[in-house]
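The listed protein sequences derive, respectively, from chains B and S.
Converting from the first sequence to the numbering used here requires adding 119 to each position, the first position being numbered 1.
Converting from the second sequence to the numbering used here requires adding 5 to each position, the first position being numbered 1.
C-beta: ideal position from N, C-alpha, C; glycine also.
Everything on this sheet refers to the single structure shown next.
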Amino acid sequence: AQSVTQLGSHVSVSEGALVLLRCNYSSSVPPYLFWYVQYPNQGLQLLLKYTTGATLVKGINGFEAEFKKSETSFHLTKPSAHMSDAAEYFCAVSEAPDWANDYKLSFGAGTTVTVRA
Amino acid sequence: DTGVSQDPRHKITKRGQNVTFRCDPISEHNRLYWYRQTLGQGPEFLTYFQNEAQLEKSRLLSDRFSAERPKGSFSTLEIQRTEQGDSAMYLCASSFDRYTEAFFGQGTRLTVV
């Protein structure tokens, strides 16, 4: 079984400042990790994902995340916030799919990002 | 556009009524997932299909809920005798197979009054 904890339900940053969203997970098997963004009344859009290989993952819109197994973390960062980054962000974990496991996502509760001009 | 399509986008219903939602996955995607998202929470897994076979149902899916994917293409999610607690965003997602990530639709927002 997997679970996700997102630290901080709301984050407010100034335009141009660093965005840091924290995500910790628990999983009994090697995880696949994801960050999704959701704009009001919209579905989820994949920002980036970690499956295997390089632990620093780059995604769309200038976001990146680093998988740290020792810390069971997958924090999301963006060096310089833009007004268009205002949205809700979800971290999710899935068991790595194989013959026994499947690609089902367990989501965190989400972090709402507001960007101040 | 070849994304996941959900209909309707919004539904308001009176308590006790039945509602049905439709999801059209991306063409040739064999897997189809349903999630529910309540206000202030992340999505929660409800059920999923491999072609027309329903492979797993979450304990969140009470007897009032039923999902089908009769021809392995579109899927429907029906809620009978709706309750106020059913008010949520219902999200559909599809993937090509078990090894690839899912793409989400824009969701159906249900309000039970």
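Residue environment: S/Y95 is assigned as buried (16 or more neighbouring CB atoms within 10 Å of its CB, all protein chains considered). With a cutoff of 8 Å on beta-carbon distance, B/V156 and B/V212 are scored as not near each other. Taking B/V138 as reference, the option from B/S145, B/Y144, B/V130 with the minimal CA-CA separation is B/V130. Secondary structure of B/S203 (DSSP, three-state): helix. The three-state reading of DSSP puts S/S63 in coil, since its state is none of H, G, I, E or B. Contact check for B/F226 and S/G47: beta-carbon distance about 3 Å, within the 8 Å limit, so the pair qualifies. DSSP places B/N180 within a helical segment (H, G or I) once states are collapsed to three. Cβ-Cβ separation between S/L115 and S/S92: approximately 6 Å, consistent with a contact (criterion under 8 Å). Restricting attention to beta strand (DSSP E) runs no shorter than 3 residues, the region 128-204 of chain B encloses them at 129-133, 138-146, 150-157, 163-169, 175-177, 183-187, 192-197, ordered along the chain.
If you look at B/R235, you'll find it in the beta strand (DSSP E) that goes 230-235. Taking a Cβ-Cβ cut-off of 7 Å, S/P75 has no neighbours in chain B, whose nearest Cβ is about 22 Å from it.
For S/K16, the enclosing beta strand (DSSP E) covers residues 15-18.
B/P149 and S/V118 have their C-alpha atoms spaced approximately 43 Å apart. Within chain B, the C-beta atoms nearer than 7 Å to that of S/F109 come from G162, L163, in chain order. Between the alpha carbons of S/Y104 and S/L60 lies a gap of roughly 16 Å. S/S100 places its beta carbon 8 Å or farther from that of S/R41.
By the CB criterion at 8 Å, S/D29 and S/F79 fall inside the cutoff.
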